[in-house]
Every structure is written in C-alpha cells, then in structure tokens.
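To keep things clear, I will list the structure first and then write my remarks on it.
In our numbering, the protein residues as written are 75 to 566.
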C-alpha cells in the first residue's frame with residue numbers, strides 16, 4: 075500500500091511542475107497585467123479565457139480520456155499507435171473545420187459585442203488557440219497514459235517560458251494589450267506541440283483504426299457533457315456576473331479565482347493527472363479498494379492544509395502582486411473558492427468506481443445537475459452579494475456534487491471512505507481560518523509569523539486528535555529522518 079501511495083505522490087509532484095508552468099502564467103504576470111491593462115480589460119480577458127477553455131473541452135469529444143482509459147485494456151493493447159493516430163487525425167479535422175467556420179463569420183459573431191472591431195480580432199486569435207490546444211491536450215494525455223511525467227513537465231515548463239517572454243515583449247514593449255496576451259498563448263501552445271511531437275513519432279502510424287471510434291465516442295461523449303458542465307461549475311459564473319453586474323466585477327472575481335487556482339494547479343490538478351492512469355492500473359489488484367480509500371483521506375489532509383495556507387495569505391499575495399489598488403478586493407472570495415476546489419478535487423476520487431465500470435453517463439448526469447444548480451444559485455445570490463454570491467454558489471454546488479458522486483459510485487463499486495477522519499480535517503481547517511481573521515494586520519512581520527504558527531498547528535492538532543494511524547506515524551518519522559540527512563533523500 076505504501077509503495078502505491080508513494081508512486082502516486084511521485085508522479086503527482088512531477089505533474090505539479092508541468093501544471094505550474096501551464097496554469098500560473100496569469101498569476102506570475104499579474105504585476106504586468108495590472109500595470110498595462112485596466113480592470114475592465116482584465117474582465118474581458120477572463121471571459122475570453124473561459125470561452126477558450128469550454129470550447130476546447132467540448133471539441134476534444136472526450137477522445138483523450140478514452141485513450142487514457144483504453145490504453146491498458148487487452149483488446150486495444152496491441153494497437154496503441156493506431157489508436158493515438160486515429161484520435162489525432164479525427165481531432166485535427168474537427169479543429170480545421172471549426173477554424174474555417176469561425177474565421178469566415180468572425181465579423182458577424184463580433185457584432186453582438188459592444189467593441190465589435192476589438193472582439194473580431196479576439197475571436198480570430200482565440201480560435202487559433204482552441205485548435206492548438208485540442209492537439210496539445212491529446213498529446214499530453216498520451217504522455218499521461220504512458221506515465222511519461224518527466225516529458226510532460228519539461229514541455230509545459232518551456233511553454234511557460236515562451237508565454238512569459240512573449241507576454242512581456244508584446245504588452246510592455248509593443249503595447250498590444252489583450253491581443254498581445256492572446257498571441258503569447260498561441261506561441262506557447264505551438265512550442266509545446268513542437269517539443270512533444272518528436273517524442274511521439276515512434277508511437278504514431280499512418281494506419282487508422284475506425285473500429286476504435288465507436289467505443290471511444292461511447293466512452294468520451296458523456297465526458298463532453300461532463301467537461302462542459304464542470305467548466306460551467308468552475309468558470310461559467312463569470313458570464314452571469316457580466317450579465318448581472320459588469321466587467322469590473324468579473325475582473326475582480328477572475329483574479330480571486332486565479333489566486334485560489336494556485337491550489338488547484340499545484341496540488342489538485344497535478345494529483346488528478348497522476349491519479350487516474352495509476353488507479354486504472356491498480357484496479358482488480360489485491361488491496362485496490364484500500365488504496366482508493368486511503369488516497370481520499372490523504373488527499374483531504376494535504377489539500378486542506380495547503381488551502382488553509384493559501385486562504386490566510388491571499389490578501390498578502392494580491393496586495394504584493396497587483397500594482398493597481400482597484401484589484402485588491404479580489405482576496406475576499408479566495409477562501410470560498412478554495413473550499414470549492416477542495417471538494418472539486420475530492421470528486422475525482424469519488425468518481426473512480428464509475429470510471430472503472432465505464433459508467434461515464436452517470437458522471438455526466440451528476441455534473442450537469444450540479445452545473446444547473448450552480449447557475450440557479452448564481453442568479454439568486456449574485457444580484458445581492460455580487461462576486462461573493464458566485465463564490466458561495468460554487469462551494470454549495472461542489473459539496474452537493476461530491477455527495478451525489480459518492481452515492482452513485484458506491485452503488486457500482488463500494489469503497490468505505492473514512493468520512494470521520496475527513497470531517498476532522500475539514501472542521502479544523504475552517505476553524506483555523508476563522509481564527510486567522512482575528513490576527514491584527516497593523517504590523518506585517520507579526521501578522522506573517524502568527525499565520526505561520528497557525529499552519530504549523532494544523533498537523534500538531536491532528537496528532538492530538540489521534541488522526542494518524544501507527545503506520546502513518548512510522549512513515550512520518552522516516553520522512554523526518556531523511557530530511558535531517560539530505561544524502562538519504564533519494565535512497566541509500
């Protein structure tokens with residue numbers, strides 16, 4: 075069991091490096107954005123980015139996830155190369171059709187916006203990003219299926235480097251504004267594809283397996299609705315805030331989401347990237363259910379601790395990176411969004427029984443239900459509470475989705491999760507955050523020290539509550555001994 079957990083953690087950490095490179099561009103570049111673009115333009119950028127994300131999620135047709143699932147199935151094991159080639163060929167054709175259509179009608183599409191001439195350019199650049207991301211998403215999922223996390227991380231780091239430098243040059247030196255940001259995304263995606271394709275050449279073939287398309291669509295199409303609904307849960311509220319409030323409120327909320335997204339990037343998505351391929355491999359082996367059970371508990375412990383750190387330091391982070399005081403109020407929604415992310419990531423583990431039994435339709439139904447609930451809650455809460463109402467709607471929707479997923483997954487594949495221990499973690503996390511609100515903010519050094527003390531108290535209080543099992547305490551002692559002797563970090 076310990077070896078399986080360590081294997082999962084190892085790949086999670088490596089994927090984390092790649093995920094940082096992919097997702098933290100907006101945070102790293104926050105000083106640049108707040109210096110050269112207005113809060114209104116930042117809100118427009120938020121709308122553009124979520125539109126690109128949703129479109130990409132829908133247009134991959136769930137094929138990358140299907141390849142990930144079928145990679146280790148005996149029926150397809152001998153035809154992996156033709157499977158990948160089939161997926162890429164199908165999605166390239168889809169992407170080209172979408173490109174031609176959008177570019178042909180970009181003027182008409184842009185006419186529905188207030189700044190139609192600006193939005194026409196935004197639309198044309200965005201469709202290029204979508205096409206490139208369809209390809210890069212497929213290639214990256216192929217690397218995941220093969221557990222090639224090192225190449226995954228390396229290619230994403232280079233994408234980050236090129237995106238960062240292009241942003242700085244296009245915005246600060248050429249003054250291209252939002253167009254410069256979109257051009258940077260295009261270059262970053264192209265660089266990633268150029269790096270990854272040569273590593274996949276031996277796995278690609280000219281043969282196309284048409285018989286794979288039918289089972290892939292059967293597995294993947296429900297995931298289109300799942301992905302779309304999940305996107306609405308995570309980012310669709312920006313559309314509602316724009317509809318009911320304005321772009322400025324979207325900008326503040328989007329910034330709060332980006333800061334909370336640090337948790338999603340560093341921990342949750344990195345974990346999810348490594349978890350599913352490994353979970354598929356362990357299915358049916360002795361102790362597989364105990365592995366899933368323990369992983370759920372360890373997940374909540376790690377993510378809640380990290381989320382607590384991000385929440386109590388969110389105001390400090392935003393005031394450090396944002397050069398414009400108009401952006402400062404964004405910190406108020408970070409803790410709520412963090413809590414929503416905690417349950418969002420937990421939902422990945424909760425659904426493992428449905429993935430293993432290939433009941434992706436149930437995942438789709440559950441996620442669509444949560445998305446509709448989220449939309450309804452947004453229309454109820456946003457008019458009065460503005461972006462805080464949207465954040466509250468997010469939390470409630472993800473908590474309900476988590477509980478529904480647990481119920482239906484256990485009907486297909488029963489796993490006895492340790493909900494008592496998980497409850498201790500959640501209660502302590504919320505309690506320590508509320509205590510952090512009482513810390514005086516007149517003296518920054520004292521404030522920082524007191525917040526660090528609260529973070530240190532988290533694992534200590536869990537020990538006093540007898541949260542750790544003997545085998546877990548033994549592992550902690552071994553880790554501590556290795557930390558004291560750096561030469562033993564990578565084994566004796």
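Heads up, the beta-carbon is just placed ideally off N, CA and C, and yes, glycines get one too.
{"query": "Runs of alpha helix (DSSP H) lying entirely within the stretch 399-481, each at least 4 residues, in chain order", "result": "408-424, 426-430, 434-459"}
{"query": "Three or more C-beta pairs below 8 angstroms linking the stretch 496-509 and the stretch 379-391", "result": "yes"}
{"query": "With 16 other Cβ atoms within 10 Å as the buried cut-off, status of residue 235", "result": "exposed"}
{"query": "Beta carbon of residue 479 nearer than 8 angstroms to that of residue 448", "result": "no"}
{"query": "Helix, strand or coil at residue 548 [DSSP, three-state]", "result": "helix"}
{"query": "Cβ-Cβ separation, residue 464 to residue 456 (assumed contact under 8 angstroms), whole Å", "result": "5 angstroms"}
{"query": "Nearest residue (CA-CA) to residue 108, options 167, 399, 135, 390", "result": "399"}
{"query": "Within 8 angstroms, strictly: CB atoms of residue 419 and residue 345", "result": "yes"}
{"query": "Sequence-distant residues of its chain with Cβ nearer than 6 angstroms to residue 524 (five each side left out)", "result": "513"}
{"query": "Nearest to residue 196 (by Cα), restricted to the options 421, 105, 111, 121", "result": "121"}
{"query": "Outcome for residue 163 when other beta-carbon atoms lying within 10 angstroms are tallied against a minimum of 16", "result": "exposed"}
{"query": "Cβ pair residue 207, residue 300 closer than 8 angstroms", "result": "no"}
{"query": "Touching by the beta-carbon criterion (3+ pairs, under 8 angstroms), the stretch 237-254 and the stretch 176-186", "result": "no"}
{"query": "Pick from 402, 416, 321, 470 that is closest to residue 341, judged by C-alpha positions", "result": "416"}
{"query": "Neighbourhood of residue 105 by C-beta, 6 angstroms cutoff - its chain only, sequence neighbours within 5 removed", "result": "395, 397"}
{"query": "Residue range of the alpha helix (DSSP H) that includes residue 133", "result": "113-133"}
{"query": "Neighbour-count burial assignment, residue 324, 16 or more Cβ in a 10 Å radius", "result": "buried"}
{"query": "C-alpha gap between residue 305 and residue 127, whole angstroms", "result": "8 angstroms"}
{"query": "Contact belief for residue 442 with residue 303 at Cβ below 8 angstroms, rounded distance in angstroms", "result": "4 angstroms"}
{"query": "Straight-line gap, residue 255 to residue 123 (C-alpha atoms, nearest Å)", "result": "10 angstroms"}
{"query": "Residue 214 at chain C interface by Cβ criterion, 8 angstroms", "result": "Included in the structure is just one protein chain, with no chain C present."}
{"query": "Residue 359 (DSSP reduced to helix, strand or coil)", "result": "coil"}
{"query": "Start and end residues, alpha helix (DSSP H) containing residue 514", "result": "From DSSP, residue 514 is part of no alpha helix (DSSP H); its letter is neither H nor E."}
{"query": "Candidates 468, 375, 172: closest to residue 414 by CA position", "result": "468"}
{"query": "Simplified DSSP assignment, three categories, for residue 319", "result": "coil"}
{"query": "Proximity below 8 angstroms, CB of residue 165 to CB of residue 212", "result": "yes"}
{"query": "Cutoff 7 angstroms; reference residue 495; Cβ partners in own chain excluding five residues on either side", "result": "371, 541"}
{"query": "Alpha-carbon to alpha-carbon, residue 231 and residue 376", "result": "24 angstroms"}
{"query": "Cβ distance (whole Å) where residue 333 is taken to contact residue 408 below 8 angstroms", "result": "5 angstroms"}
{"query": "Buried/exposed call for residue 412, threshold 16 Cβ in 10 Å", "result": "buried"}
{"query": "C-alpha gap between residue 258 and residue 243, whole angstroms", "result": "9 angstroms"}
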